[in-house]
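Numbering (this note's numbering), first residue to last: -19 to 622. No residue lacks a Cβ here, since even glycine has one placed at the ideal position from N, Cα and C. Treat the numbers as computed from the prediction; the structure is a model and nothing was measured. Okay, structure first, notes after.
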Amino acid sequence: MHRFADENWQPEDYVRRTLADADEEVIRGFHRSLVEANHVVGGDLQRCVYRNYTEFVTISKEVSNLDSDVLHLKGYLNELRSIWEGFAAAASASDEMIPANTMNLGNSILPRRERSELMTTDMQSIYRAQIMNLWENVEGSQRFVAYAPDRHIIRECINLVELNPQTLQPRQAVHIILMNDCLLVASKRKRSMSRQYKLVADSCWGLQDMAIVDIRDSAEVTNAFKIVIYPDSFLYRAEQPEDKHGLMHAYHLVMDENEDQQNELLPSGSQGTSSNYDAEQPTGPNISPADQRWLTDLPDELEVLIALREFEETVTCIEKARTMLADCRGEAPFLREAAAGVKKYTDSLCTMICHDLSNTLLTKLQSQRYVGWLLRLEKGKQAREVFLATRSQLVFEGDITTYISELTLVVFTLIRNTCEWYRDSFKQNDMASGFVTWVEEQTKIYAEIYKRQVFNNSQLNCQLIADCFKSTLDQCVILRRVGLDLKFLLEELFLENIKETITIYETRNIEKVEKFAKTDNFMVVSNQNLGADVRVTSSVVSFYNLLIKFVNDICLIAKLQLYTTVVGSVSRLSEHYLQTMISESNSRGPNQDQRTAALMNVSFVLDNIVPRISSQLNFHFDRPIPELDSLRARLRGIAGRS
């Protein structure tokens, strides 16, 4: 069963190896085992469906209710925002207008009008026709993409497939429509009572809130790329490389154009803002009634803006409030309350912006925008620390083995050449300690980069860890020629990370072992890998394959220092399986056949599987494994107590 689930499994090769010299009786027995396995899998699937159906219905109803509640909440927030804007407009209308303010208002509106006046009526008509055609051809797109001046379609990619990031299996065919300010993803779905297909809008993101990351071609997937919207990511594959490259090129062009436009508008925008503030500043120690009302209502407005993530407007309000408070003299209670409220929401806003800035997948434009907000809030030191800390945590996307090999070559070549230069320049023996300290520092810096790239990988891969460590040891051999041996230092630096990797691997397998035991039907099956005369249940076969793979993987990275960790993991896996299997057998009632099958499982695990693992570990560590012998003696009492 385990081999059939392998993505690289070849049925022709398996049949050729298994049945090459088999007679008719063996072939019939093999066929019966396949039929039995099919029944077992079908029964397990049916039980899982029945067991999870009620929970699935309940969760579906809760999700539906949550979706409705979110829509209601969004409507209430929009209504509240409209009410506040109405109050602000009414208050402004009742106050006496200052001519300087009027001039500033005209200056702030003028750039936006000039931008739209530059666009011809024909281009706006074409853009409107594009959006209307999108609404007509993509169901549900109107609620994601509303019409706005200058919004238009840049590129449409139709031959794309969404992949499962874990299994790399196709999920659904999708279309991606790239616009100048957003990106729309639509799935291809079959029409009811028809063979035709329709496009249904699934999601839409602003270009400033997302990033498209290219993924290097590999044996598992080609022409792939990721769309990252922190903290989520979506994996897609193009049918042709031209489709992927065209989308990536168009995306980078749009982002560059948007960045250029923002840089062009930034000076004028900042000047207009400062002039507005100068005009709105109180000219004396007293503050106008309108400004007093605005400062009093400011905390509520800031709370709503932060909840809506309207960071630009929030920063503008805080700047305006700071300017007012700086020019107001006196100790009025409302001034102290306003200053405390501004400080409170400034800290809250900075926390949110720093959290977003710490995302390692941000684009350059997004990072500049977050840093700009922090600088305007007078949090430059905090912005610098978060930005540099984030940049130092970047992880390489691609072939990690090649990257580590090249990194090792560069670092160790530097150490070797420095050793030769230092030895020829400083011939005194008492000067050698300084060089050894420098080598240790450089090795630790290399180890930190190595850990971040290899051990922080989302997919646990012992073969990858072993290959990367082998490339490192190959360079250590070169350093021995100049009198440096860093192997023991590197093994010590990586010891805790390898131990943590083994522990995580064990935890994942504990969950699988428990699932094997709980889904066992306690019907005796035969397996060619265990021997034609072996009679055990399906969970023993699954446990055998899992334990063999676990030990093979761990032996790739485990050294003698990790002997206790490895043997302890094997012991815990074996004991957990036997305890769970016996407990599951007893919970199903006094069935003599099940009890007999469970006892056969215990005997086979203790008399065959554990000794085989002990022999393999004996060969790997070159020493006896008495702990597994003690485990066998202790677990034999399980059968008697059951």
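Proximal residues to residue i (C-beta, below 8 Å), its chain only, five neighbours per side dropped
{"i": "L394", "result": "Q422"}
{"i": "I651", "result": "The requested residue 651 does not occur in the structure, where the chain is confined to residues -19 to 622."}
{"i": "V351", "result": "L337, A363 and F367"}
{"i": "D236", "result": "none"}
{"i": "L(-1)", "result": "V6, I7 and F10"}
{"i": "K424", "result": "L473"}
{"i": "F469", "result": "The question names Phe, yet the displayed sequence has Leu at residue 469. Within the same chain, L469 has close Cβ partners E420 and T423."}
{"i": "S234", "result": "Checking the sequence, you will find Val at residue 234 rather than Ser. Taken in chain order, the residues that qualify are I134, L158, N160 and L187."}
{"i": "E400", "result": "V462"}
{"i": "G226", "result": "R135 and C137"}
{"i": "L644", "result": "The chain is shown only over -19 to 622; residue 644 falls outside these bounds and no answer can be derived."}
Proximity to residue i [Cα-Cα], best of the options
{"i": "R432", "options": "A2, K495 and T370", "result": "T370"}
{"i": "F124", "options": "Q104, V165 and N238", "result": "V165"}
{"i": "W64", "options": "L278, D410, F530 and M304", "result": "L278"}
{"i": "N243", "options": "R349, S385 and V6", "result": "R349"}
{"i": "Y325", "options": "N339, T147 and V284", "result": "V284"}
{"i": "N477", "options": "Q220, I537, S213 and D500", "result": "I537"}
{"i": "E136", "options": "P129, T147, N160 and P145", "result": "N160"}
{"i": "N581", "options": "D602, Y557 and R603", "result": "Y557"}
{"i": "A577", "options": "K467, C535, Q541 and V504", "result": "V504"}
{"i": "K498", "options": "R27, L341 and D1", "result": "R27"}
{"i": "D240", "options": "L345, Q104, S405 and I482", "result": "L345"}
{"i": "G360", "options": "T340, C330 and L389", "result": "C330"}
{"i": "S198", "options": "T38, T382, W274 and A68", "result": "T382"}
{"i": "I195", "options": "T487, S213, N238 and W185", "result": "S213"}
{"i": "A301", "options": "V322, P313 and N45", "result": "V322"}
{"i": "I534", "options": "D327, H600, Q455 and P145", "result": "H600"}
{"i": "D223", "options": "F205, N238, N339 and R169", "result": "F205"}
{"i": "T481", "options": "C442, H229, Y210 and E35", "result": "C442"}
Supposed close pair residue i, residue j - CB separation, criterion 8 Å
{"i": "E142", "j": "R151", "result": "4 Å"}
{"i": "F502", "j": "F523", "result": "At roughly 14 Å, the Cβ-Cβ gap does not stay under 8 Å, so F502 and F523 are not in contact."}
{"i": "V514", "j": "F584", "result": "7 Å"}
{"i": "L615", "j": "L579", "result": "Between L579 and L615 the Cβ distance is about 12 Å, and since that is not below 8 Å, they are no contact."}
{"i": "V118", "j": "L57", "result": "Wrong, their Cβ atoms sit about 27 Å apart, outside the cutoff."}
{"i": "L163", "j": "L187", "result": "6 Å"}
{"i": "F625", "j": "N489", "result": "Any property of residue 625 remains undetermined from this structure, which presents the chain solely from -19 to 622."}
{"i": "S554", "j": "V590", "result": "6 Å"}
{"i": "I484", "j": "F392", "result": "Contact flag wrong, Cβ pair sits at about 29 Å."}
{"i": "S549", "j": "E486", "result": "4 Å"}
Beta-carbon proximity list for residue i, same chain, < 7 Å, skipping 5 on both sides
{"i": "V419", "result": "I395 and L464"}
{"i": "V295", "result": "W353, R356 and L357"}
{"i": "L315", "result": "L305 and C308"}
{"i": "V208", "result": "M190, A191, V193 and L341"}
{"i": "R568", "result": "Q574"}
{"i": "Y231", "result": "L158 and I192"}
{"i": "Y426", "result": "V391"}
Bounding residues of the beta strand (DSSP E) (the contiguous stretch that carries residue i)
{"i": "I425", "result": "Not the beta strand (DSSP E): I425 falls in the alpha helix (DSSP H), residues A412 to Y430."}
{"i": "G186", "result": "Y177 to G186"}
{"i": "I133", "result": "I133 to L143"}
{"i": "P150", "result": "P150 to M159"}
{"i": "R169", "result": "C162 to K170"}
{"i": "A218", "result": "D212 to A218"}
Contacts around residue i, its chain only, beta-carbon distance under 6 Å, and the 5 residues preceding and following it disregarded
{"i": "S121", "result": "L114, W115 and A181"}
{"i": "R506", "result": "Looking at the sequence shown, residue 506 is not Arg but Ser. For S506, where only same-chain residues beyond five positions count, the Cβ hits under 6 Å are S13."}
{"i": "I111", "result": "Y127"}
{"i": "I138", "result": "H155"}
{"i": "Y402", "result": "F415"}
{"i": "V547", "result": "E607"}
{"i": "E293", "result": "L285"}
{"i": "V(-5)", "result": "none"}
{"i": "A318", "result": "L275"}
Limits of the alpha helix (DSSP H) - the one that residue i falls within
{"i": "I195", "result": "That residue, I195, is in no alpha helix (DSSP H); it is neither H nor E in DSSP."}
{"i": "A318", "result": "P313 to L337"}
{"i": "V208", "result": "From DSSP, V208 is part of no alpha helix (DSSP H) but of the beta strand (DSSP E) over A204 to I209."}
{"i": "V307", "result": "Checking the sequence shown, residue 307 turns out to be Asp, not Val. That run of the alpha helix (DSSP H) goes F291 to D307."}
{"i": "V585", "result": "It is not in any alpha helix (DSSP H) - V585 carries neither H nor E in the DSSP assignment."}
{"i": "V391", "result": "I380 to S405"}
{"i": "G120", "result": "Taken as a continuous stretch (DSSP letters only), G120 belongs to no alpha helix (DSSP H), as it is neither H nor E."}
{"i": "T276", "result": "P269 to A287"}
{"i": "A0", "result": "First-last for A0: undefined, no H or E at that position."}
{"i": "K361", "result": "G360 to R371"}
{"i": "F449", "result": "C442 to R460"}
{"i": "Y350", "result": "K344 to R356"}
Residue-chain proximity (residue i, chain C), Cβ-Cβ < 8 Å
{"i": "A319", "result": "Absent here is chain C; the protein component of the structure consists of one chain."}
In chain order, which beta strand (DSSP E) runs of at least 3 residues are fully inside the stretch 491 to 535? List check, beta strand (DSSP E) in window: 505 to 507 and 511 to 516.
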